[in-house]
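S.K.:
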Amino acid sequence: MILLALIAVLIGGGMVAAVAARWSAAAARWISLLALLADFGLGLSIWVRSAGAAGPWLVDADYAWLPQFGIRFHLAVDGLSLLLLMLTFFLGFVSVLASWSEITESVGFFHLSLLATLAGIAAVFLAVDLFLFYFAWELMLVPMYFLIAVWGHENRVYAAIKFFIFTQLSGLLMLVAILALYFFHHSTTGVYTFEYADLLGTALPPGTAMWLMAGFFVAFAVKLPVVPLHTWLPDAHTEAPTAGSVVLAGLLLKTGAYGMLRFVVPLFPDAAHKFAPVAIVLGVIGILYGAILAFGQTDLKRLVAYTSVSHLGFVLLGIFVGNALALQGALLTIICHGISTGALFVLVGSLQERIHTRELGRMGGLWATTPRLSGAALFFTLASLGLPGLGDFVGEFLVLLGTYRVSIPAAAIAACGVLAATLYGVRLVQRAFHGPNVHELRLADLAPREGLVVTLMAVALLWLGLYPRPVTATFQPAMDRVERVALK
Amino acid sequence: MPGNFATASDVIRFLPEIILAVMGTLLMILDPLLHRRSSNAFGHLSILALAGALGGAIYAYLNGGPAFGGMLMVDGFATFFGVLVIVAGILTILPSYRFLARQGAETSEYHALLLFSVAGQCLMVAANDLIMVFIGLEISSISSYILAGYLREDKRANEASLKYFLLGSFATAFFLYGVALIYGSTGTINLAGVNVVLSGPGAPSLVFVGVAAALMFVGLGFKVSAAPFQVWTPDVYQGAPTPISAFLSAGPKAAAFAVFLRIFTTAFAPIGHGWEPLVWASALLSMTIGNFAALQQSNIKRMLAYSSIAHAGYVLVALTARSEVGTAAAMFYLAAYAFMNIGAFAVVSHLSGKGERYQNIEDFSGLAQKQPLAAAMFSIFLLSLIGVPLTGGFFGKFYIFKAALESHLVWLTVLGLLNSAVAAYYYLRILVMMYMREPAEATEAVEPLSPGLRLALIVPAIGTLFLGIFPNWVLDFAGKSSVLLK
Numbered sequence: 000m001i002l003l004a005l006i007a008v009l010i011g012g013g014m015v016a017a018v019a020a021r022w023s024a025a026a027a028r029w030i031s032l033l034a035l036l037a038d039f040g041l042g043l044s045i046w047v048r049s050a051g052a053a054g055p056w057l058v059d060a061d062y063a064w065l066p067q068f069g070i071r072f073h074l075a076v077d078g079l080s081l082l083l084l085m086l087t088f089f090l091g092f093v094s095v096l097a098s099w100s101e102i103t104e105s106v107g108f109f110h111l112s113l114l115a116t117l118a119g120i121a122a123v124f125l126a127v128d129l130f131l132f133y134f135a136w137e138l139m140l141v142p143m144y145f146l147i148a149v150w151g152h153e154n155r156v157y158a159a160i161k162f163f164i165f166t167q168l169s170g171l172l173m174l175v176a177i178l179a180l181y182f183f184h185h186s187t188t189g190v191y192t193f194e195y196a197d198l199l200g201t202a203l204p205p206g207t208a209m210w211l212m213a214g215f216f217v218a219f220a221v222k223l224p225v226v227p228l229h230t231w232l233p234d235a236h237t238e239a240p241t242a243g244s245v246v247l248a249g250l251l252l253k254t255g256a257y258g259m260l261r262f263v264v265p266l267f268p269d270a271a272h273k274f275a276p277v278a279i280v281l282g283v284i285g286i287l288y289g290a291i292l293a294f295g296q297t298d299l300k301r302l303v304a305y306t307s308v309s310h311l312g313f314v315l316l317g318i319f320v321g322n323a324l325a326l327q328g329a330l331l332t333i334i335c336h337g338i339s340t341g342a343l344f345v346l347v348g349s350l351q352e353r354i355h356t357r358e359l360g361r362m363g364g365l366w367a368t369t370p371r372l373s374g375a376a377l378f379f380t381l382a383s384l385g386l387p388g389l390g391d392f393v394g395e396f397l398v399l400l401g402t403y404r405v406s407i408p409a410a411a412i413a414a415c416g417v418l419a420a421t422l423y424g425v426r427l428v429q430r431a432f433h434g435p436n437v438h439e440l441r442l443a444d445l446a447p448r449e450g451l452v453v454t455l456m457a458v459a460l461l462w463l464g465l466y467p468r469p470v471t472a473t474f475q476p477a478m479d480r481v482e483r484v485a486l487k
Numbered sequence: 000m001p002g003n004f005a006t007a008s009d010v011i012r013f014l015p016e017i018i019l020a021v022m023g024t025l026l027m028i029l030d031p032l033l034h035r036r037s038s039n040a041f042g043h044l045s046i047l048a049l050a051g052a053l054g055g056a057i058y059a060y061l062n063g064g065p066a067f068g069g070m071l072m073v074d075g076f077a078t079f080f081g082v083l084v085i086v087a088g089i090l091t092i093l094p095s096y097r098f099l100a101r102q103g104a105e106t107s108e109y110h111a112l113l114l115f116s117v118a119g120q121c122l123m124v125a126a127n128d129l130i131m132v133f134i135g136l137e138i139s140s141i142s143s144y145i146l147a148g149y150l151r152e153d154k155r156a157n158e159a160s161l162k163y164f165l166l167g168s169f170a171t172a173f174f175l176y177g178v179a180l181i182y183g184s185t186g187t188i189n190l191a192g193v194n195v196v197l198s199g200p201g202a203p204s205l206v207f208v209g210v211a212a213a214l215m216f217v218g219l220g221f222k223v224s225a226a227p228f229q230v231w232t233p234d235v236y237q238g239a240p241t242p243i244s245a246f247l248s249a250g251p252k253a254a255a256f257a258v259f260l261r262i263f264t265t266a267f268a269p270i271g272h273g274w275e276p277l278v279w280a281s282a283l284l285s286m287t288i289g290n291f292a293a294l295q296q297s298n299i300k301r302m303l304a305y306s307s308i309a310h311a312g313y314v315l316v317a318l319t320a321r322s323e324v325g326t327a328a329a330m331f332y333l334a335a336y337a338f339m340n341i342g343a344f345a346v347v348s349h350l351s352g353k354g355e356r357y358q359n360i361e362d363f364s365g366l367a368q369k370q371p372l373a374a375a376m377f378s379i380f381l382l383s384l385i386g387v388p389l390t391g392g393f394f395g396k397f398y399i400f401k402a403a404l405e406s407h408l409v410w411l412t413v414l415g416l417l418n419s420a421v422a423a424y425y426y427l428r429i430l431v432m433m434y435m436r437e438p439a440e441a442t443e444a445v446e447p448l449s450p451g452l453r454l455a456l457i458v459p460a461i462g463t464l465f466l467g468i469f470p471n472w473v474l475d476f477a478g479k480s481s482v483l484l485k
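Protein chains in written order, with numbering that gives the first Met the number 0: chain A, 0 to 487; chain B, 0 to 485.
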């Protein structure tokens, strides 16, 4: 029941906000905030109550939906999905605050789209019926498309359609794989079911397993993104409004990582094992390629977007290296990258609101006029490039450590990615905030609302960097299961 | 044949057709009496007639069985499609009120022809022998030819009507030739009878039967606008009055598919492995031609026409599966498609203005600002045509491709799904116009939504969403009826 409430609160909140916006834009914003706060509270209560619970799922909600096909409305959380849900609500909260002054047109529809996207993402993390999962996977696409296309920047229509088609196309390949798995399961057991727990361990001929895994992999690889399939990302991230960028980088990409962890590896352990070297190489390529391209950007938002390609390379690497350290690292990177990159997008958004450009060449010397904003940007840039003591460092370091045990060359090359991150990070801070204020910009510094957002995110990163134990303890049982399959 | 040809039960099972034919004739007689008083009377009367036929169809189903010595078969399958074409008729009339008033062309013949056409389709879907199929097909088609050219003053409508008539008659001739060959080689025109002869010992030469099946495939392929017999579709849909384009894409198409399914899965089931590659190729061709041509269109009616070719391709995928699941999937899809496509055309007819001036995709600029309701409903239809979850289009596609995969049509499934991703592009373009552009000439001039049109948008939207969230009900019925078929 509580799981259904998580989704219902978001959708209901979005609808109420859409109606309320007819009278007052502020009401729509407050209602959205309250809905997200309520969900965050519900998530916390699950977290507190279920500490140390046995069994694969902490909470489980199972309803009949389409019995003739073995489709059930089955939601469940384990440590992995719970953490990602908390991240969803947290970043949703941040997104609403970050759009407070940026979004002035169709405020009601905006909040409906935002909350519907978040509801779709939450449903993706909650669904353990594969059909329901696909349903949610496709569903989150539509409101996200609207977020980019209606409230985005100059080239928004192109970016939105590109995003939609990439995701739709790869999603359909996953649908074929899901259906094939469903029929294979039926042919061996005589039961038609989309239930995750039942489909685990379905016996598949090796060649078929590879094909089916590829179907899932492509869908998740587009979202993650994995390098040859990443081209939608810079466009979508750059053109989206701030809230859209935060949700894209912080959450949508993570649904890809989640899919790899939840489905690709456990459902097709042998195929995934065989495929691992390829995925590892793709991950390493992503790390370097993303970092190099980030270094070359002059559009601040595009720069941050490319850093995502690089950081998510670590996640892919960690997942397919597959030992305990690497998996821990991958998951911490997922969470910390969501926060640090989300924060960078918020800051870039505030900057764009003030100077109406994202071009690095039109900035410079901003530290003098906006010390708080600049300081925050420095903090999150350092977090993003992996400064010890902040969350991202722990994640990427663990991935590297895990990789080292499997492949020393891969670890060595990936470590160069960390180095490259320092280069683009330093360049960003230097070009935008240091040096003389050549354009003689006089800007307002962070307002209290923006300050609150940034502080919340900074505290979260510090916590994850210094004492990640509660988080790792929560996802450990789920990760152990993945690891057991991976090493089988 | 029994001496007592029309028993009471025959009449009951024939009730929808009787109601429609009588009311259609009555409308023509009433024309001089009603014309001056109220131009809406024809519309009201035809809706009444269709509602009566709907009741008749359900009553006939409750007293179902063969009629007229087995020439008709009132089973779940016939009722499913009968209800579908009748509802399509009602949904066509709703936007027609304003449309006809705007063009100054309110006559009884429009409505009478529509009723005749629906009657023909009801006959088609219940027909159990080839002559009945042919008669139904002709009643439905001839009415449609005239309806396509209903706006006499319009050059395009004339072109549409003529093209439709010439090519359509040609296609029907092919069909009839096939029927003749079947009768010549098997000695029967009863569908079940053909099946028995073909699967029994001493079956006639496969050459004869194969040629007959191919000829009938040409005739029916034309009616459902499957490639390579699709060339008439864009011109006719563009030239015909918009509500009639909507009707053509839903009613006659669904009825033709019903005939397709019934003939090919009963009479021709024994030679299924023979026609499967043919339908396979036609399905793939239809999807590909439809979707890629739709990408290029700037006229919305042409775009929807090409999209309807693509959707015919999806239904053919279900037919290729040659299974009960496939038949049920096709039934479900056609129901969902009728809702979403009639809804989409209703929006187009609303916006088109006098003389159907506004037919370009650009003309939808800023509709969301001017009429949020129309834009929102259109979005639902478009998202359903893409196949996004929570809409009937999603489940329709899902069932079809599930059925195809179950019959091991892996490549057709993959290619079909890739096709449907391409399709997303041209549907999204309209969403972009409506939501992301400033209002233009057409949207500035758009008239307020009339009650009829409001209903014509909301009812299909509810239907689309209902099929997208609770597909159980329709699906169970389709599943049951597809079993009855054999």
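Ideal Cβ positions, reconstructed from N, Cα and C, are used throughout, including at glycine.
Leaving out five residues before and five after Pro-1 (chain B) in sequence, what residues of the same chain have Cβ atoms less than 8 Å from its Cβ?
M.R.: Reliability of the predicted coordinates at Pro-1 (chain B) is poor, the pLDDT of 48 falling under 50, and the value obtained from them is presented with this limitation in mind. Contacts found: Gly-68.
S.K.: Any idea which residues DSSP pairs Val-58 (chain A) with across the strands?
M.R.: Answer is A:Val-76, bridged to Val-58 (chain A).
S.K.: At a CB-CB cut-off below 7 Å, which residues of chain A make contact with Asn-471 (chain B)?
M.R.: Within 7 Å Cβ-Cβ: Leu-65.
S.K.: Just to make sure I have the definition right: I need the residues of chain B whose C-beta is within less than 9 Å of the C-beta of Phe-162 (chain A). Which are they?
M.R.: Result: empty, since nearest Cβ-Cβ is about 11 Å, beyond 9 Å.
S.K.: For Val-73 (chain B), does the three-state DSSP call read helix, strand or coil?
M.R.: Here Val-73 (chain B) sits in strand by DSSP.
S.K.: May I ask you to list, following chain order, the residues of the segment 170-181 of chain A that have a beta carbon less than 9 Å from some beta carbon of chain B?
M.R.: Going along the segment 170-181 of chain A in chain order, one finds Gly-170, Leu-171, Leu-172, Leu-174, Val-175, Leu-178, Ala-179, Tyr-181 with a Cβ nearer than 9 Å to chain B.
S.K.: Determine the DSSP secondary structure at Ala-50 (chain A), reduced to helix, strand or coil.
M.R.: Reduced to three states, the DSSP call for Ala-50 (chain A) is coil.
S.K.: Quick check: is the beta carbon of Val-263 (chain A) nearer than 7 Å to any beta carbon in chain B?
M.R.: Judged by the 7 Å Cβ criterion, Val-263 (chain A) is not in contact with chain B.
S.K.: Anything in chain B within Cβ reach of Ala-16 (chain A), meaning under 9 Å, just list it in chain order.
M.R.: Neighbours of Ala-16 (chain A) on chain B: none; closest Cβ ~16 Å, over 9 Å.
S.K.: Check the Cβ of Ile-426 (chain B) against every Cβ in chain A and list those closer than 8 Å, keeping chain order.
M.R.: Strictly speaking, residue 426 (chain B) in this sequence is Tyr, with Ile absent from that position. Those within 8 Å of Tyr-426 (chain B) in chain A number zero; the least Cβ separation is about 10 Å.
S.K.: Is the beta carbon of Phe-393 (chain B) sitting closer than 7 Å to the one on Gly-467 (chain B)?
M.R.: Taking 7 Å as the Cβ cut-off, Phe-393 (chain B) and Gly-467 (chain B) qualify as a contacting pair.
S.K.: Whole angstroms is fine: what's the gap from Leu-316 (chain A)'s alpha carbon to Met-173 (chain A)'s?
M.R.: Leu-316 (chain A) and Met-173 (chain A): Cα-Cα distance of roughly 21 Å.
S.K.: Check the C-beta distance from Gly-348 (chain A) over to Glu-101 (chain A) and give it rounded, since I have them as a contact under 8 Å.
M.R.: So it is a contact: roughly 6 Å between Cβ atoms.
S.K.: Quick one: give me the first and last residue of the beta strand (DSSP E) that Ala-66 (chain B) is part of.
M.R.: Note, Ala-66 (chain B): beta strand (DSSP E), 64-66.
S.K.: The alpha helix (DSSP H) that contains Pro-447 (chain B), what's its start and end?
M.R.: Per DSSP, Pro-447 (chain B) belongs to no alpha helix (DSSP H) and is neither H nor E.
S.K.: Compare the C-beta of Lys-401 (chain B) against all C-beta atoms of chain E and say whether one is closer than 7 Å.
M.R.: No chain E appears in the structure shown, which is made up of the protein chains A and B.
S.K.: Using 10 angstroms around the beta-carbon of Met-0 (chain A), count the other beta-carbons present and answer buried if the total reaches 16, otherwise exposed.
M.R.: That one is exposed.
S.K.: Output, in chain order, the set of chain A residues within a Cβ distance shorter than 7 Å of Ala-423 (chain B).
M.R.: The contacting residues are Phe-163, Ile-164, Gln-167.
S.K.: For the alpha helix (DSSP H) that Asp-153 (chain B) lies in, which residues bound it at each end?
M.R.: Careful: Asp-153 (chain B) lies outside any alpha helix (DSSP H) and carries neither H nor E.
S.K.: Using the beta-carbon of each residue, which ones in chain A are nearer than 8 Å to Met-435 (chain B)?
M.R.: Here the neighbours are Ala-148, Val-149, Arg-155, Val-156.
S.K.: What did DSSP end up calling Asn-359 (chain B) once you bin it into helix, strand or coil?
M.R.: Of the three classes helix, strand and coil, the one that applies to Asn-359 (chain B) here is strand, per DSSP.
S.K.: Please compile the residues from chain A whose C-beta is within a distance smaller than 8 Å of the C-beta of Ala-420 (chain B).
M.R.: Ordered by position in chain A, the residues that pass the 8 Å Cβ test against Ala-420 (chain B) are Ile-164, Gln-167, Leu-168, Leu-171.
S.K.: What's the gap between the Cα of Val-417 (chain A) and the Cα of Val-393 (chain A)?
M.R.: Whole-angstrom Cα-Cα distance: 12 Å.
S.K.: How far does the alpha helix (DSSP H) with Thr-390 (chain B) in it extend, from its first residue to its last?
M.R.: Where Thr-390 (chain B) is concerned, there is no enclosing alpha helix (DSSP H), given that its DSSP letter is neither H nor E.
S.K.: At a CB-CB cut-off below 8 Å, which residues of chain A make contact with Gly-478 (chain B)?
M.R.: In chain order: Gln-67.
S.K.: Can you tell me whether Lys-154 (chain B) is buried or exposed, with buried defined as 16 or more other CB within 10 angstroms of its CB?
M.R.: With fewer than 16 other Cβ atoms within 10 Å, it is exposed.
S.K.: For Val-117 (chain B) versus Leu-19 (chain B), is the C-beta distance shorter than 7 Å?
M.R.: Contact flag set, yes.
S.K.: Tell me which residues share the same chain as Val-15 (chain A) and place their Cβ nearer than 7 Å to its Cβ, disregarding the 5 neighbours each side in the sequence.
M.R.: Closer than 7 Å at the Cβ level, and outside the excluded window around Val-15 (chain A), lie Ile-30.
S.K.: Skipping 5 residues on each side, what residues in its chain have a beta carbon closer than 8 Å to that of Val-196 (chain B)?
M.R.: These residues qualify, in order along the chain: Thr-185, Gly-186, Thr-187, Ala-202, Pro-203.
S.K.: Any beta carbon of chain B sitting closer than 7 Å to that of Phe-515 (chain A)?
M.R.: Because chain A in this structure spans residues 0 to 487, residue 515 (chain A) falls outside the shown range and cannot be described.
S.K.: Using the rule of at least 16 other Cβ atoms within 10 Å of the residue's Cβ for burial, across every protein chain shown, is Phe-41 (chain B) buried or exposed?
M.R.: Buried is the call here.
S.K.: In terms of alpha-carbon separation, which member of A:Ala-413, A:Pro-265, A:Val-405, A:Thr-380 lies closest to Phe-396 (chain A)?
M.R.: Ranking the options by Cα distance to Phe-396 (chain A), first place goes to A:Ala-413.
S.K.: Would you say Leu-2 (chain A) and Ala-50 (chain A) are within 7 Å of each other, going by their C-beta atoms?
M.R.: Taking 7 Å as the Cβ cut-off, Leu-2 (chain A) and Ala-50 (chain A) do not qualify as a contacting pair.
S.K.: Could you compute how far the alpha carbon of Tyr-357 (chain B) sits from the alpha carbon of Thr-412 (chain B)?
M.R.: Whole-angstrom Cα-Cα distance: 37 Å.
S.K.: Based on Cα-Cα distance, which residue from B:Ile-379, B:Leu-318, B:Val-210 lies nearest to Asn-340 (chain B)?
M.R.: Taking only the C-alpha atoms, the option nearest Asn-340 (chain B) is B:Ile-379.
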